[in-house]
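A.B. asks: My questions will all concern the structure given below.
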Amino acid sequence: MHKYLEGLNENQKAAVEHIDGPLMIVAGAGSGKTKVLTTRIAHLINCGVDAFNILALTFTNKAAAEMKERVEKVLGNTEARNLYIGTFHSVFAKILRVEANKIGYPNNFTIYDTDDAKNIIKEIVKEKNLDDKHYKPSFIYSRISAAKNSLIGPDEYLQDNFIQQEDQTSKRPLIGEIFAIYARRCFNNGAMDFDDLLFNMHKLLSQHPDVLAKYQHRFRYILIDEYQDTNAAQYSIIKMLGAVHENICVVGDDAQSIYSFRGATVKNILQFEKDYEDVNVIKLEQNYRSTQTILNVANNVIANNKKQIPKKLWTQNVPGERIVLVKTMTDNDEGKFVADAIKEQQMRNHYANRDFAILYRTNAQSRSFEESLRRMNIPYKLFGGVSFYQRKEIKDFLAYLRLVVNNRDEENLKRIINYPARGIGKTTLDRLVVYAHENNHTLWEVIENGAGNSKIDAFVMMIKSFQAILQTKNAYDMAFAVGKHTGLVQDLYNDKSVEGLARYENVQELLNSIKEFTETPDEDGEITDKTLGSYLQQITLLTDADNNDDENADAVKLMTIHAAKGLEFPCVFSVGLEENLFPSSMNLYDRDSLEEERRLFYVSITRAKEKLWITYANSRYRFGSLVQNEESRFLQEIPDSFIDKSFTGLARPQASTRSFGQGFSSATNVDRGSLEKLPSLKKLADKLAAGQQRNASPTIASKPGSAPTVDPNFVADNPNDMSAGMKVMHQKFGIGEIKTIEGGANNRMAAIDFGDGQGVKKIALNYAKLKIMD
DNA sequence: TGATGCTAACTTTTT
DNA sequence: GTTAGCATCA
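Number 1451 marks the last residue of the first sequence (our numbering); no jumps.
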């Protein structure tokens, strides 16, 4: 017997040893799904299947990387490098890059992210003189996206009576027309959005039997992770690819289906058995992750959903502690409570920072937790939120790179033709765009053929000079040249404001990441391609979740529940359990959406291994004003016997009657209670916290796709202790000497000489984080 | 033409 | 509380 089979239970082993024919693995939360999947791949290879013939599709690049790594570990050799593992989008993008010409696209097609797509839609809405308050770009985008994910193109959209009826009802009858224009414009730009990667992959395979046959032959064994999250387009593509060999193995858990808003349909997993003859179904029901109590809570909650594959999750783990349910007055109190509880657990049970995760429904909720953690000097890492790649300076830079690779791309051309400012006005540009569209040319063709404008000619010359070296230079050399010769880097460098500095650093960071890309050996085995085109293709498909740089850094993790899927943590705070927030107010009105919210809650509960806290606030800021919310209906689905009520004295049923302030501050943190009694001190603390946040914000996500981990060793000193002549350290500027201090008590400005080209900077003492060096 | 400052609109969730 | 878009001013 192979050694890797030893640690498996009966069902896991059965799943691993199944080789040919369709297989569905229903894997409950924490049941060792990834282990089974990776061991199965290793087993296939050991049984003589060529790694080149195995395709594994995941939803995040991170999951793909982890899988590859783990297979490699089991095998003990590098054969895993030859596997074709990736996300749906990245694998299809790679294939489309090879086959693009067959469906009329250039090989170097641009990939538009959601922002790009919405901007184009916005333009179209404007051009058609429609009201963009009514024809909201985000709404239209979601309609188009949903259509494409159901394999409905513009023509079908316009001809579909039901869809047209829907648009009539919502008083937006022109969406179909906008869809058609949008699709044509993307095509003319040589660009695909995320949905096009699926839609066009499907198109490619259905229109070109030879191509289909080629990949059917190539991918003799197909494995799909998170099958419950696949949409109709993905389903169709998988079905086509697997039609010959039918060696399809899907893994999923209907209870964890949380992406229906993206077109995913649980139907795919519920119907898998009907799609193929002789489907082998294996259920993994033993949970190895959580305590019995946590699992009981999860089971009780999910039992309220009607549509389910029957299964019974059980565990041999210890019963564990009851879960803690806490109500606080405000969202800020919720933040404080969590930070206090983390500190307390660290003192009492010696947990590390990395053992904690705070999971919320929406990204906007992160703020109060960031503040409280920062105030208590607990290092944290924020996942998600505004992505690094969405920042203006990054998009500008990438726009140049994209244009160089694909000059048909009108959107990116328009973005940077006058940035940095080179005197090409809006009027001129608009005229050229109209001319181009009317004469069926790309914008580039028009400006390339002499617009009779010396500024434009100079711009064209510059872009052409980049294109001339495109084939001989790698991505980093190209990016460096672009940054230098466009004046982009210099432009940002000249801006000495705090924001300007952050932008400059972000661009440097981008350059670093491109350098890293060119220097990292490609594990793909397929394409060893360090060109700019190759870089751009993967960069758009990268997400924040994929950044594993400092994933193991000792920091508390903050993320949405969606982002937490597939992860586990010793201690979990599931926060914001309030009606209208969780479940979200947008999903209260039909059973399916509500059940999805419940599955989301289920996912958050089942992330916890040892301890679980569930919190909610009586009132919180939303849209800048205070709103009151009832406790989430999901809380009533947790039997009292699993809840620790002694903890704050605030748990049900007294929740609404007892005042919050006393309960929690005495139960969790005495120091803070006394701090609050001194108004002046508290004010100072608040001010400091606010100032630190303002100071920290420009550096958020200074690394690709990530927010900063607060340096735990850097403790700012009280600014009142500082005076002229002192040496101080600034986290970014380094060590400097205070020359003068001006201004009154709350507004003291220090002139600090940091030397070495950075010179004297004026810094507001109340906001800056400075450490006294003497 | 470009920069600055104010208002309004906004928040699900992600490849 | 934040950000994008618009209006106003230099």
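All residues carry an ideal CB built from backbone N, CA and C; glycine is no exception. A quick note: this is a predicted structure, and the numbers were derived from the prediction, not measured.
Of the choices Glu1088, Phe896, Val978 and Tyr936, whose alpha-carbon is the least far from that of Asp1073?
C.D. replies: Checking every option, the nearest Cα to that of Asp1073 belongs to Glu1088.
A.B. asks: Could you check the C-alpha separation between Leu1078 and Gly1210 for me, to the nearest Å?
C.D. replies: Near 9 Å, if we compare the C-alpha coordinates of Gly1210 and Leu1078.
A.B. asks: Spatial neighbours of Glu1308 within its chain, please: CB distance less than 6 Å, with the 5 preceding and 5 following residues excluded, ordered by chain position.
C.D. replies: Contacts found: Tyr1293.
A.B. asks: With distance defined between alpha-carbon atoms, name the residue in Val726, Asn730, Arg717 and His695 nearest to Met744.
C.D. replies: Ranking the options by Cα distance to Met744, first place goes to Arg717.
A.B. asks: Just mark His811 as buried or exposed, buried being the case when its beta carbon has 16 or more other beta carbons within 10 Å.
C.D. replies: By the neighbour-count rule (16 or more Cβ atoms within 10 Å), His811 is not buried but exposed.
A.B. asks: Can you tell me whether Ala794 is buried or exposed? The criterion is at least 16 other CB atoms within 10 Å of its CB, across all chains shown.
C.D. replies: Burial call: buried.
A.B. asks: Between the alpha carbons of Pro850 and Ile798, how many angstroms are there, rounded?
C.D. replies: Roughly 15 Å separates the two Cα atoms.
A.B. asks: How many Å lie between Phe1250 and Gly1012 at the Cα?
C.D. replies: Spanning the two alpha carbons is a distance of roughly 11 Å.
A.B. asks: Go ahead and label Met1155 buried or exposed: buried means 16 or more other beta carbons lie within 10 angstroms of its beta carbon, across all protein chains shown.
C.D. replies: Result: buried.
A.B. asks: Use the C-beta contact count for Tyr761: other C-beta atoms within 10 angstroms, 16 or more gives buried, fewer gives exposed.
C.D. replies: By the neighbour-count rule (16 or more Cβ atoms within 10 Å), Tyr761 is buried.
A.B. asks: Out of Leu961, Ile899, Leu828 and Gln836, point me to the one whose CA is closest to Asp873's CA.
C.D. replies: When only C-alpha atoms are compared, the closest one is Leu828.
A.B. asks: Just to confirm before moving on: does the CB-CB distance between Ala692 and Ile986 stay below 8 Å?
C.D. replies: No, the pair does not count as a contact, with Cβ atoms beyond the cut-off.
A.B. asks: Determine the DSSP secondary structure at Ala1232, reduced to helix, strand or coil.
C.D. replies: Note: Ala1232 maps to coil in three-state DSSP.
A.B. asks: Distance check for Thr968 and Asn738, CA to CA, integer angstroms please.
C.D. replies: Whole-angstrom Cα-Cα distance: 30 Å.
A.B. asks: Please work out which residues of its chain come closer than 6 Å, Cβ to Cβ, to Phe765, disregarding the five sequence neighbours upstream and downstream, and give them in chain order.
C.D. replies: These residues qualify, in order along the chain: Leu734 and Gln911.
A.B. asks: Apply the 10 Å Cβ neighbour rule to Asn1026 and answer buried if 16 or more other Cβ atoms are within range, or exposed otherwise.
C.D. replies: Looking at its Cβ environment, which holds fewer than 16 other Cβ atoms inside 10 Å, Asn1026 is exposed.
A.B. asks: Going by Cα to Cα distance, which pick from Ala823, Gln893 and Gly853 is closest to Ala909?
C.D. replies: Out of Ala823, Gln893 and Gly853, Ala823 has the C-alpha closest to the C-alpha of Ala909.
A.B. asks: Of all the alpha helix (DSSP H) runs that stay within the bounds of the region 848-906, which reach a length of 4 or more residues?
C.D. replies: If we require 4 residues or more, the alpha helix (DSSP H) runs fully inside the region 848-906 come out as 852-865, 871-884 and 886-895.
A.B. asks: Quick one: which unbroken beta strand (DSSP E) runs of 3-plus residues sit fully inside the region 1006-1054? Chain order, please.
C.D. replies: The region 1006-1054 contains these whole beta strand (DSSP E) runs: 1033-1037.
A.B. asks: According to DSSP, which residues form a beta bridge with Lys960?
C.D. replies: According to DSSP, Lys960 bridges with Val703.
A.B. asks: Just reading off the alpha helix (DSSP H) that Glu1307 is part of, what are its end residues?
C.D. replies: No alpha helix (DSSP H) holds Glu1307; DSSP gives it neither H nor E.
A.B. asks: Quick check: what's the CA-CA separation for Lys1132 versus Lys1161?
C.D. replies: Rounded to whole angstroms, Lys1132 to Lys1161 spans 18 Å at the Cα level.
A.B. asks: Sort Lys680, Asn1151 and Tyr936 by Cα distance to Glu1193 and report the nearest one.
C.D. replies: The shortest C-alpha separation from Glu1193 is found at Asn1151.
A.B. asks: Quick one: Cα of Leu773 to Cα of Val1159, how far?
C.D. replies: Answer to the nearest angstrom: the Cα atoms are 27 Å apart.
A.B. asks: Taking buried to mean at least 16 other C-beta atoms within 10 Å of its own C-beta, is Met701 buried or exposed?
C.D. replies: Buried is the call here.
A.B. asks: Per the DSSP calculation, Trp1121 is bridged to which residue(s)?
C.D. replies: According to DSSP, which records beta bridges pairwise, Trp1121 is partnered with nothing at all.
A.B. asks: Three-state secondary structure (DSSP) at Asn733?
C.D. replies: One point to set straight first is that residue 733 is Ala, not Asn, in the sequence displayed. Strand, per DSSP.
A.B. asks: Compare the Cα-Cα distances from Val1233 to each of Val1015, Arg1310, His1118 and Phe1143 and report the closest residue.
C.D. replies: It is Val1015.
A.B. asks: With DSSP collapsed to three states, give me the class of Thr846.
C.D. replies: Thr846 falls in the helix class under three-state DSSP.
A.B. asks: From Leu721 to Thr970, what does the alpha carbon distance come to, in whole angstroms?
C.D. replies: The alpha-carbon atoms of Leu721 and Thr970 are separated by roughly 37 Å.
A.B. asks: List in chain order: all unbroken alpha helix (DSSP H) runs of 4+ residues lying wholly within the region 802-842.
C.D. replies: Correct list: 814-826 and 831-836.
A.B. asks: Please report how far the alpha carbon of Ala920 lies from the alpha carbon of Arg1038, in whole angstroms.
C.D. replies: Computed Cα separation, rounded: 39 Å.
A.B. asks: Looking at the strands, I want to know which residues DSSP matches up with Arg1108.
C.D. replies: In DSSP, Arg1108 forms no bridge with anything.
A.B. asks: Based on the DSSP output, what are the partners of Phe1246 in its beta bridges?
C.D. replies: Looking at the DSSP assignment, Phe1246 forms a beta bridge with Ala1285.
A.B. asks: Use the C-beta contact count for Gly781: other C-beta atoms within 10 angstroms, 16 or more gives buried, fewer gives exposed.
C.D. replies: Classification for Gly781: exposed.
A.B. asks: Considering Lys1058, what are the terminal residues of the beta strand (DSSP E) in which it resides?
C.D. replies: Lys1058 -> beta strand (DSSP E) spans Tyr1057 to Leu1059.
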